[in-house]
Amino acid sequence: MTRPSLNDLAAFSAVARHSSFRKASDALGVSRSSLSHAIIGLEARLGVRLLNRTTRSVSPTQAGADLLERLDPVLRDLDDALDSLSEVRGRPSGILRINANKSGARILLREVVPRFLANCPDVELDLVSEGQLVDIVKQGFDAGVRLLEAIPQDMVAVRFGGEARFIAVAAPGYLRENGRPRTPQDLQAHVCIRQRLPSGKRYRWEFARRGTEVALDVPGALTLDDNDLLAEAAAAGHGIAYVPEHFARPFLDSGQLCTILEDWCPAIDGLALYYPRNRHMPSSLRAFIDTLRAVAPGA
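Okay, here's the thing in structure tokens:
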């Protein structure tokens with residue numbers, strides 16, 4: 005049997021971890037066709053099928069799962085060994101992959117990324133912004149960014165950006181025509197713009213005041229899956245939206261939106277960057293965290 009190349013083994017690991025040729029090709033920066041050819045060649049050299057492929061999904065066979073279980077620690081050790089050379093040279097290098105929600109990505113791009121890239125010119129930062137929570141270890145990320153309350157307890161969290169707040173907002177014209185709700189229960193008689201979560205479920209609006217908590221599946225004919233679009237739709241008069249204050253702020257400042265139920269919308273713990281507790285920290289991630297603590301408020 006011909007010994008497979010390291011690149012082919014890394015390609016197999018990426019496809020298996022992402023359960024997708026498209027996502028793996030994006031992560032590796034190669035075309036899907038070249039990645040597919042690499043896997044076909046690897047299976048031919050090993051004489052065993054490693055992946056089950058359908059038109060909708062990719063999953064490891066039992067042989068593939070066994071190989072992946074033993075291969076991933078080897079690839080991590082190799083990455084750690086190569087990263088140690090960066091520490092010897094005193095300059096971080098390589099690819100730093102961070103998965104973030106849109107709010108977190110915006111703050112990082114505005115306040116942290118410019119200085120980090122200026123200080124670490126040998127690092128390629130891959131900042132992936134998507135709405136759904138992912139397993140950052142399984143998906144091959146070095147770190148993630150989410151609300152502190154959504155971060156798994158076995159992760160190390162570095163807070164930044166201060167507290168967060170979800171607020172209910174509506175256009176002045178909508179409130180003139182339909183009145184202003186005084187309690188969360190009043191929303192049942194209003195037109196609300198609902199939000200679809202990445203899981204497919206609709207988001208239940210959560211309010212709290214003086215120890216009383218209320219969660220509502222509000223009524224409404226329009227459902228969106230993006231906070232920017234929710235704020236824009238509310239500003240256009242389509243109903244009441246419930247969004248992180250950051251997304252509504254431009255419309256509030258311009259007078260296109262008004263806040264409602266303010267005393268039912270308390271601040272919560274804000275964003276945090278998180279990473280695995282028991283894994284070697286790449287020098288690039290250490291440098292990014294140092295920059296985050298130096299630049300971002302609350303870090």
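Going from the sequence shown to our numbering is simple: count from 1 and add 4. Ideal Cβ positions, reconstructed from N, Cα and C, are used throughout, including at glycine.
Phe145 in three-state terms, based on DSSP: On the sequence shown, position 141 is the one that residue 145 refers to. Correct three-state label for Phe145: coil.
Leu234 to Leu71 span [Cα, whole Å]: Taking the first residue of the sequence shown as position 1, residue 234 is located at position 230. Taking the first residue of the sequence shown as position 1, residue 71 is located at position 67. So the alpha carbons of these two residues sit roughly 45 angstroms apart.
DSSP-derived helix/strand/coil call for Leu100: Locating residue 100 in the sequence shown gives position 96, counting from the first residue. DSSP places Leu100 in strand when its eight states are reduced to three.
Residues that Ala212 bridges to, as DSSP identifies them: Against the sequence shown, residue 212 aligns to sequence position 208. In the DSSP assignment, Ala212 forms a beta bridge with Glu217.
Close Cβ partners of Gly224 (< 7 angstroms) along its chain, the five nearest in sequence each way excluded: Taking the first residue of the sequence shown as 1, we reach residue 224 at position 220. Around Gly224: Val195, Cys196, Ile197, Arg198, Gly243.
Nearest-angstrom Cα separation, counted from Glu266 out to Ile60: Start at 1 with the first residue of the sequence shown, and residue 60 comes out as number 56. Start at 1 with the first residue of the sequence shown, and residue 266 comes out as number 262. It is worth fixing the name first, because residue 60 is Arg in this sequence and not Ile. Straight-line measurement puts the Cα of Glu266 at about 45 angstroms from the Cα of Arg60.
Cβ-Cβ distance between Arg169 and Glu115 below 7 angstroms: Taking the sequence shown and counting its residues from 1, one reaches residue 169 at position 165. Taking the sequence shown and counting its residues from 1, one reaches residue 115 at position 111. No, these two residues do not count as a Cβ contact at 7 angstroms.
Inter-residue Cα distance where the pair is Gly108 and Leu296: As a working note, residue 108 is residue 104 in the sequence shown. As a working note, residue 296 is residue 292 in the sequence shown. It is roughly 12 angstroms from the alpha-carbon of Gly108 to the alpha-carbon of Leu296.
Inter-residue Cα distance where the pair is His22 and Leu256: Residue mapping note: residue 22 aligns to position 18 of the sequence shown, counting from 1. Residue mapping note: residue 256 aligns to position 252 of the sequence shown, counting from 1. If you take the alpha carbons of His22 and Leu256, they lie about 40 angstroms apart.
Complete beta strand (DSSP E) runs within the segment 169 to 200 (minimum length 3 residues, chain order): The beta strand (DSSP E) runs lying completely inside the segment 169 to 200 and spanning 3 residues or more are 170 to 174, 197 to 199, given in chain order.
Rounded straight-line distance, which links the Cα of Gly204 to that of Thr187: Translated into the one-based positions of the sequence shown, residue 187 becomes position 183. Translated into the one-based positions of the sequence shown, residue 204 becomes position 200. Straight-line Cα distance between these residues: approximately 27 angstroms.
Any non-hydrogen atom of the ligand GTP closer than 6 angstroms to Gln189 Cβ: This structure does not include the ligand GTP; it has no bound ligands of any sort.
Anticipated Cβ contact below 8 angstroms, Thr65 with Leu54, distance rounded: Numbered from its first residue, the sequence shown carries residue 65 at position 61. Numbered from its first residue, the sequence shown carries residue 54 at position 50. Rounded, the Cβ-Cβ distance is 6 angstroms, consistent with contact.
Leu228, enclosing beta strand (DSSP E) - first and last residue: Counting from 1 along the sequence shown, the entry for residue 228 is found at position 224. Per DSSP, Leu228 belongs to the beta strand (DSSP E) from 226 to 228.
His284 versus Pro77, Arg7, Leu112, residue with shortest Cα-Cα distance: Start at 1 with the first residue of the sequence shown, and residue 284 comes out as number 280. Ranking the options by Cα distance to His284, first place goes to Pro77.
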